[in-house]
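Asks: Structure in structure tokens, see below.
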Amino acid sequence: MALEMRKECERCTSPIENDSIAFICVHECTFCLPCTEEMKYICPNCGGELVRRPKRPQQSCSL
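Residue numbers for the sequence shown follow UniProt numbering, beginning at 1 and rising by one.
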């Protein structure tokens, strides 16, 4: 199952590119670095930990 890779921060609506640093919780709520730092790495929706989202590879994977 692949990540949804949402395109904007759910808090400030700043655009987030596939190769940008972003943070997600277990439900894939997505936030930019400045918002994540302000929220102390805690998701405001579920209270879970926000961790760095992996970057999408430049080339497609055959999986």
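Glycine included, each C-beta is placed from N, C-alpha and C at the ideal position.
It should be emphasised that the depicted structure is a prediction, and the values quoted were computed from it without experimental measurement.
Look at the Cβ atom of Thr13, then the Cβ atom of Phe23, and state whether they are nearer than 8 Å.
Replies: In the sequence shown, counting from the first residue as 1, residue 13 sits at position 13. In the sequence shown, counting from the first residue as 1, residue 23 sits at position 23. Result no, Cβ atoms of Thr13 and Phe23 do not sit closer than 8 Å.
Asks: Below 7 Å CB to CB, which residues in the same chain sit around Glu8 once its five sequence neighbours on both sides are set aside?
Replies: Position 8 of the sequence shown, counted from the start, is the residue given in the question as residue 8. If we look at Glu8 and ignore the five residues flanking it on each side, its Cβ neighbours are Ser14, Pro15 and Ile16.
Asks: Over the uninterrupted beta strand (DSSP E) stretch that includes Cys32, give me the two end residues.
Replies: Here residue 32 corresponds to residue number 32 of the sequence shown, with the count starting at 1. It spans Thr30 to Cys32 - the beta strand (DSSP E) in which Cys32 sits, taken as one unbroken run.
Asks: Could you give the DSSP three-state label for Glu17: helix, strand or coil?
Replies: As a first step, residue 17 is located in the sequence shown; it is residue number 17 there, counting from the start. Glu17: coil per DSSP, three-state reduction.
Asks: Distance, Cα to Cα, Leu33 vs Gln59?
Replies: Along the sequence shown, one-based indexing puts residue 33 at 33. Along the sequence shown, one-based indexing puts residue 59 at 59. When rounded, the distance between both Cα atoms is 25 Å.
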